[in-house]
Amino acid sequence: MAQKPAIPKGTRDFLPAEVAKRTYLFDTIKKVFRRYGFAPIETPSFELSTTLLGKYGEEGDRLIFRILNSGEKMRKADLEALAQDNLPRFANSLAEKALRYDLTVPFARFVVQHQNELNFPFKRYQIQPVWRADRPQHGRYQEFYQCDVDVVGSDSLLYEVELIQIFDEVLTNLQLPGFVIQINNRKILSGIAEVCGVAERIVDLTVAIDKLDKIGEQGVLDELAQKGFTETTLQQIKPLFDFKGSNTDKINLLRNYLANSEVGQKGLDELTYVLDTVAQLGLQRGQLDFEITLARGLNYYTGAIFEVKALDVKMGSICGGGRYDDLTALLGLKNLSGVGISFGADRIYDVLTELNLFPAELELSLDVLFVNFGEATLAQNLHLLKKTRAQGLAAEIYPSAAKLQKQLKYANDRKVRYVVMMGEEELLQDQLTLKEMESGLQQKLSQAELLTKFEQLS
RNA sequence: GAGGUUGUAGCUCAGUUGGUUAGAGCGUCGGAUUGUGGUUCCGAAGGUCGCGGGUUCGAGACCCGUCUUCCUCCCCA
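Numbered per the working numbering, the first sequence spans residues 420 to 877.
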């Protein structure tokens with residue numbers, strides 16, 4: 420009966436010390452977002468299933484958490500579909516709502532719905548949890564926060580540049596020592612598919628190429644062969660494996676390789692512009708790499724694709740993003756291009772923890788503790804406590820006149836900076852004892868002197 | 001969704017081929033004569049051995065199921 424309570428797999432509780440770190444992380448991110456002119460919005464944690472389904476590809480649909488219909492709505496269950504073993508249709512009839520899978524699709528819905536209330540280009544940021552019915556692993560959770568910035572209503576490549584600057588600024592501000600911002604362009608990938616004569620199979624092609632790092636050239640070829648790509652196609656793909664060197668080297672090789680692909684050339688133009696502009700402006704700690712094999716990213720990307728990886732840690736991508744030209748069209752609003760990126764807060768948290776990069780002062784939760792010496796001195800302590808709080812310091816008084824030893828141990832555990840001791844001894848001399856916990860030094864002060872000192876702190 | 005792996009006090013882990021009241025370190029709490037923490041000394045509390053079945057005279061150890069952990073795929077932040 421009295422079983423130990425538990426939480427679902429892939430979810431976590433956050434203790435005060437963890438929340439302090441997460442707040443620091445979110446605040447650092449928000450500060451940069453605001454500086455680039457983005458304003459926050461929020462959307463519901465669950466959407467209508469029809470809004471989400473079909474936007475993330477087949478795999479994506481599988482990972483969407485569905486919310487079971489309740490009450491009378493359960494009667495809507497499509498038993499016929501079940502009888503026919505059509506599980507997807509049956510599932511849809513059981514759940515007309517679902518937890519959001521990311522923040523981009525709900526944002527697209529938001530834009531379509533509020534198009535007449537928004538000014539374009541519309542720049543928004545959004546920091547909220549998302550849910551995925553994934554199998555948990557290191558750095559993969561079923562509930563995690565994404566921090567998204569997106570612009571819709573402009574196809575200007577200046578926004579690609581701006582978003583790269585945001586990657587660089589946020590991660591630099593978080594003191595991350597090294598990270599690579601990988602960039603590619605969906606149009607280049609389309610060009611490759613076109614040149615190889617498999618334009619309609621771009622997804623299978625790019626998904627396989629994306630694994631080059633992991634499974635090697637032969638692995639990629641094997642996977643493609645297995646998926647039914649012909650030997651001729653494989654031969655046309657092979658040269659790509661040798662496209663190495665600097666960003667410009669790779670672009671030059673592709674210029675030639677994609678000579679007969681209009682869309683491919685367009686992709687290279689876009690990429691070149693972005694790379695050149697960023698190079699002129701310079702980055703702080705980030706390194707911007709054109710990665711031909713970068714193909715991931717959801718199906719709805721149409722232009723630039725981004726992915727960021729932290730150096731020296733075993734962790735998947737910590738950020739992602741890209742341009743999507745047709746996402747709002749799926750929801751009924753055409754000709755509205757958008758581009759955006761997402762910071763994976765929980766993964767970044769894990770990286771910062773592993774590299775020990777959180778500022779130490781985040782642990783300080785209480786500035787001042789007043790020792791409780793009992794009824795006789797309580798009123799005067801409470802008044803001084805009130806004045807201390809009025810100065811903006813976090814202060815409290817111990818709830819009972821426990822032994823001094825215990826009260827100081829509490830102060831120590833709470834990592835309190837100062838302890839004020841104002842008992843009968845001190846009050847007789849119209850003084851108090853201020854103890855600085857870290858050094859252990861104590862001094863006698865008047866109440867006025869104490870408040871003057873505190874004023875300088877806050 | 002596929003395959004593998006893990007689960008013993010709050011935490012990190014011991015626990016011999018199944019055999020008496022399941023242990024340690026750390027942490028927590030209490031104490032070491034009057035108002036001084038982080039170091040030391042003494043003491044105490046705390047475990048349905050993830051959960052549910054089964055095998056056995058007997059199971060923390062073996063079997064099955066289930067949940068969870070971590071890993072490899074798939075996919076992704």
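Just so you know, even glycine gets a beta-carbon here, dropped at the ideal spot from N, CA and C.
Keep in mind it's a predicted model, so treat the numbers as computed, not measured.
Would you mind stating whether glutamate 845 and leucine 853 have Cβ atoms separated by less than 8 Å?
-> Taking the C-beta atoms as reference points, leucine 853 is found no nearer than 8 Å to glutamate 845.
Between glutamine 866 and the rest of its own chain, which residues show a CB-CB distance below 7 Å, the 5 nearest in sequence each way excluded?
-> Excluding residues within five positions, the ones whose Cβ falls inside 7 Å are Leu803 and Leu851.
Buried or exposed for threonine 721, please, with buried defined as at least 16 other CB atoms from any protein chain shown within 10 angstroms of its CB.
-> buried
Taking only the alpha-carbon atoms, compute the straight-line gap between valine 622 and arginine 605 and give it to the nearest angstrom.
-> 10 Å
Straight-line CA distance for aspartate 769 to lysine 423?
-> 27 Å
In terms of residue numbering, what span does the beta strand (DSSP E) encompassing phenylalanine 541 cover?
-> 541-550
Based on the DSSP output, what are the partners of cysteine 738 in its beta bridges?
-> Val727 and Phe762
Can you list, in chain order, the stretches of the beta strand (DSSP E) that have 3 or more residues and sit fully within the segment 559-614?
-> 562-571 and 598-604
Taking all protein chains shown into account, do 16 or more other C-beta atoms lie within 10 angstroms of the C-beta of aspartate 504, making it buried, or fewer, making it exposed?
-> exposed
Taking the C-alpha atoms as reference points, what is the distance between glutamine 655 and cysteine 615?
-> 6 Å
Within the chosen definition, does the segment 804-816 reach the segment 785-793 through at least 3 CB pairs nearer than 8 Å?
-> The segment 804-816 is in contact with the segment 785-793.
Might you give, ordered along the chain, the residues of its own chain that have their beta carbon closer than 8 Å to the beta carbon of glutamate 642, omitting 5 neighbours on each side?
-> Ala627, Lys630 and Ile634
In its own chain, which residues sit with a C-beta less than 6 Å from the C-beta of tyrosine 578, not counting the 5 before and 5 after it?
-> Val570 and Val758
Helix, strand or coil for methionine 840 per DSSP?
-> strand
Just how far apart, CA to CA, sit glutamate 562 and arginine 441?
-> 15 Å
Between which two residues does the beta strand (DSSP E) containing leucine 788 stretch?
-> Start and end: 787-789.
Mind checking whether the beta-carbon of proline 427 lies closer than 7 Å to any heavy atom of the ligand SAM?
-> In the structure on display, the ligand SAM does not appear, and there are no ligands present to speak of.
Please classify proline 459: does DSSP put it in a helix, a strand, or coil?
-> strand
One or two residues paired with phenylalanine 709 in a DSSP bridge | Ile602
For threonine 721, does the three-state DSSP call read helix, strand or coil?
-> coil
For lysine 495, the first and last residue of its enclosing beta strand (DSSP E) | For lysine 495, there is no enclosing beta strand (DSSP E), as DSSP gives it neither H nor E.
Alanine 421 - DSSP class collapsed to helix/strand/coil | Any reading at alanine 421 must be qualified, since the residue scores a pLDDT of 40, below 50, and its modelled position is unreliable; no value is offered.
Return the Cβ separation of valine 727 and phenylalanine 598 in integer angstroms, given the expectation that the two are a contact with Cβ distance under 8 Å.
-> 6 Å
Starting from the Cα of lysine 822, find the closest Cα among Thr796, Val838, Asn791 and Glu843 and give me that residue.
-> Asn791
Beta-carbon proximity list for glutamine 601, same chain, < 6 Å, skipping 5 on both sides = Asp708, Glu710, Leu713 and Glu726
Sheet register partners of alanine 517 (DSSP bridge) | Alanine 517 is bridged by DSSP to Glu466 and Arg485.
Could you have a look at glutamate 857 and say whether DSSP puts it in helix, strand or coil?
-> coil
Which stretch, first to last residue, makes up the alpha helix (DSSP H) that contains glutamate 636?
-> 631-645
Under a Cβ-count criterion, where at least 16 other Cβ atoms within 10 Å of its own Cβ denotes burial, should arginine 485 be classed as buried or exposed?
-> buried
Close beta carbons around glutamine 862, own chain, < 7 Å, minus the five adjacent residues each side = Leu853
Best match in Pro435, Glu491 and Ala425 for proximity to leucine 781 [C-alpha to C-alpha] | If you compare the alpha carbons of Pro435, Glu491 and Ala425 with that of leucine 781, the shortest gap goes to Pro435.
Residue from Tyr560, Tyr544 and Ile724 with nearest C-alpha to arginine 551 | Selected option, being the one with the closest Cα: Tyr560.
Return the chain-ordered list of same chain residues with a C-beta closer than 7 Å to the C-beta of phenylalanine 457, the five sequence neighbours on each side being excluded.
-> Lys542, Arg543, Tyr544 and Val568
Could you give the C-beta distance for glycine 793 and alanine 820, rounded to a whole number, given that I count them as a contact under 8 Å?
-> Their Cβ separation, rounded to whole angstroms, is 4 Å, which keeps glycine 793 and alanine 820 in contact under 8 Å.
From this set, Pro555, Lys495, Leu501 and Gly490, which residue's C-alpha is nearest leucine 482's C-alpha?
-> Pro555
What whole-angstrom Cβ distance do leucine 518 and glutamine 565 have, given they're in contact under 8 Å?
-> Going by Cβ atoms, the distance from leucine 518 to glutamine 565 rounds to 13 Å, so no, they are not a contact pair.
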